[in-house]
């Protein structure tokens with residue numbers, strides 16, 4: 001006999017074996033007992049949560065030799081045929097491949113025939129949201145007034161795509177994601193029946209990777225059992241199978257980044273690469289840990305689905321870390337993970353993210369004492385304000401972005417040129433407890449532009465065409481030539497202005513609003529900071545067209 005995958009072999013066969021959906025099981029059982037079963041149901045919820053399995057169990061309950069009953073015998077011909085998928089009165093339709101009006105017209109003709117063997121004819125339409133509008137319209141009248149011995153179960157993962165006219169004619173039951181402890185307990189029971197053993201840590205890890213879907217969890221377990229010979233499996237086995245990293249190493253890497261230990265963080269990254277780890281998967285795992293760390297800082301531990309050991313490890317690095325700082329890490333690693341999808345140099349993308357986080361300014365925390373001690377300057381203790389030295393994000397030598405301009409110099413003044421790399425030699429001191437002045441903003445402008453380049457490189461080009469005019473009452477004014485009206489329009493667009501102000505707040509630790517002024521210059525000033533052709537090509541994709 002051909003091998004049967006675990007998720008098919010251990011598919012729930014009665015109401016008692018459905019995992020994690022007690023509210024729906026109770027609803028169906030009560031309807032059966034009180035003879036109040038609806039003519040049509042919509043089972044909606046994430047994949048792998050038991051929608052089709054429960055539909056088949058409902059078919060057994062209705063057509064069982066001892067039924068209708070809440071406890072089908074699982075031994076009569078009807079129960080066995082439904083289990084094997086050979087019952088002529090239980091029709092399963094995949095709406096993804098039978099989505100047209102012709103298929104629904106055929107169904108509408110067949111539905112008028114009485115059941116052949118059982119009491120009821122049950123139509124299970126999976127992924128029903130894939131039907132066309134015309135197919136839904138053809139199904140509408142049948143759903144409204146079906147024959148007495150017919151029941152419809154519509155299963156979907158995207159309830160919002162089902163027309164309201166269909167939803168209003170059905171009883172809707174929402175399946176929820178199965179919790180990790182419930183999945184882990186079921187996995188260990190399956191392993192017991194398969195005569196293999198996995199420890200609780202391994203079962204919990206598989207459960208978290210399944211993201212609430214039992215089918216995904218059983219598929220991962222199936223892969224694990226085929227991964228190596230033997231009957232005992234530990235956490236290292238599933239980590240090797242998936243190319244993921246033990247959580248302790250990820251927490252250690254996060255700790256080094258939060259403490260600004262760049263050399264140690266890069267060394268640990270190198271070890272992960274040497275061990276054959278997929279850095280994109282590492283990035284995803286780091287995002288999971290950052291989400292858990294943020295919940296821990298926000299005192300939302302009830303939402304954590306972790307072991308006591310993992311929570312204790314996160315607590316060790318959570319001390320003194322603000323929610324704003326964790327959010328900054330989340331955004332940076334999320335951007336890096338997205339970049340890895342199209343950039344073949346995944347290690348470079350990952351290391352640049354680590355460099356940026358280890359060298360960027362620490363965002364100001366809302367409460368006293370939340371600012372990290374590593375970001376304090378010793379000279380600020382007497383004044384009571386913590387001074388933080390922002391350092392430009394580390395970039396490769398060939399990818400420096402030209403910084404923005406200061407005010408146009410007076411006639412005869414030499415133009416001062418500054419690149420991101422040069423700014424690192426003399427970083428300014430910014431007091432996170434006070435609003436920065438124009439001088440500090442000018443000196444840290446390369447840092448801001450380097451951050452903006454990662455999300456909106458086109459805005460960097462626009463900003464470098466203007467100059468910093470003034471900073472008064474929290475409003476930073478940029479000056480452009482009178483003919484640069486398009487620049488002003490683009491910079492003040494809602495999404496552009498929001499992104500610029502967000503990065504200004506992240507860079508300078510203060511709320512800074514953006515304003516743009518158009519002025520007439522008597523003579524074109526020599527730009528203090530400009531962009532070469534090479535730098536423009538590194539910021540925006542393109543080629544040079546010969547004259």
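In full-length UniProt numbering, the protein residues as written are 1 to 547. From the three backbone atoms N, C-alpha and C, an ideal C-beta is built for every residue, glycine too.
Same chain, Cβ closer than 6 Å to residue i, five either side skipped, listed in chain order
i	result
residue 172	42
residue 382	With a pLDDT of 38 at residue 382, under the threshold of 50, the modelled position of that residue is not reliable, and the figure given next carries that caveat. Cβ neighbours of residue 382 beyond the five flanking positions: none.
residue 124	55, 92, 153
residue 23	none
residue 90	59, 82, 122
Same chain, Cβ closer than 8 Å to residue i, neighbours up to 5 away in sequence not counted
i	result
residue 223	241
residue 188	198, 200, 203
residue 87	59, 63, 78, 81, 117, 118
residue 276	243
residue 337	280, 283, 284, 287
residue 314	251, 289, 292, 293, 296, 306
residue 235	199, 201, 202, 205, 246
residue 231	195, 196, 197
residue 66	72, 73, 76
Where residue i falls: helix, strand or coil (DSSP)
i	result
residue 70	coil
residue 44	strand
residue 517	strand
residue 350	helix
residue 324	helix
residue 136	helix
residue 162	coil
residue 148	coil
residue 484	coil
residue 119	coil
residue 469	strand
residue 380	Note that residue 380 scores 38 on pLDDT, short of 50, meaning its location in the model is unreliable; the coordinates nonetheless yield the value given after this. Three-state DSSP puts residue 380 in a helix.
residue 155	strand
residue 297	helix
residue 477	strand
residue 90	strand
residue 411	Bear in mind that a pLDDT of 38 at residue 411, under 50, signals an unreliable position, so the model cannot answer this.
residue 233	strand
residue 291	helix
residue 310	helix
residue 171	strand
residue 178	coil
residue 198	strand
residue 126	strand
Residue from the options with nearest C-alpha to residue i
i	options	result
residue 97	131, 65, 122, 110	131
residue 458	291, 495, 482	495
residue 438	504, 105, 269, 453	504
residue 205	281, 306, 107	306
residue 126	261, 44, 449, 231	44
residue 297	285, 312, 214	312
residue 50	214, 138, 498, 67	214
residue 31	11, 5, 69	69
residue 269	191, 291, 3, 350	350
residue 484	3, 195, 466	466
residue 143	174, 109, 175, 176	109
residue 454	499, 464, 492	499
residue 440	320, 482, 358, 509	509
residue 470	436, 134, 190, 107	436
Residues of its chain near residue i, where Cβ-Cβ distance is below 7 Å and the 5 sequence neighbours each way are ignored
i	result
residue 64	72, 73, 76, 78, 79
residue 323	294, 297, 298
residue 105	138
residue 217	183, 187, 206, 207, 210
residue 347	273, 279
residue 511	474, 505
residue 310	247
residue 353	332, 333, 336
CB contact check: residue i to chain C, cutoff 8 Å
i	result
residue 59	Among the chains in the structure shown there is no chain C, since it carries only a single protein chain.
Anticipated Cβ contact below 8 Å, residue i with residue j, distance rounded
i	j	result
residue 490	residue 462	6 Å
residue 166	residue 20	In fact, because the Cβ distance is near 26 Å, the residues do not count as touching under 8 Å.
residue 196	residue 227	Wrong, their Cβ atoms sit about 12 Å apart, outside the cutoff.
residue 10	residue 190	5 Å
residue 122	residue 140	About 19 Å separates the two Cβ atoms, so there is no contact after all.
residue 128	residue 180	Not really, about 29 Å apart at Cβ, beyond 8 Å.
residue 155	residue 52	6 Å
Residue i beta carbon near the ligand GDP (any heavy atom closer than 7 Å)
i	result
residue 184	The ligand GDP is not part of this structure, which contains no ligands at all.
**Asked** Can we say the segment 214 to 222 touches the segment 251 to 264, given the rule of at least three CB pairs closer than 8 Å?
**Response** no
**Asked** Is there contact here, the segment 105 to 115 with the segment 131 to 149, by at least three beta-carbon pairs under 8 Å?
**Response** yes
**Asked** Counting Cβ pairs, one atom from each stretch, are 3 or more of them under 8 Å apart for the segment 466 to 480 and the segment 498 to 518?
**Response** yes
**Message:** Can you confirm whether the segment 318 to 336 touches the segment 284 to 292 when touching is taken to mean that 3 or more C-beta pairs between the two stretches lie within less than 8 Å?
**Reply:** yes
**Item:** the segment 10 to 18 touching the segment 155 to 167, judged by at least three CB pairs closer than 8 Å
**Value:** no
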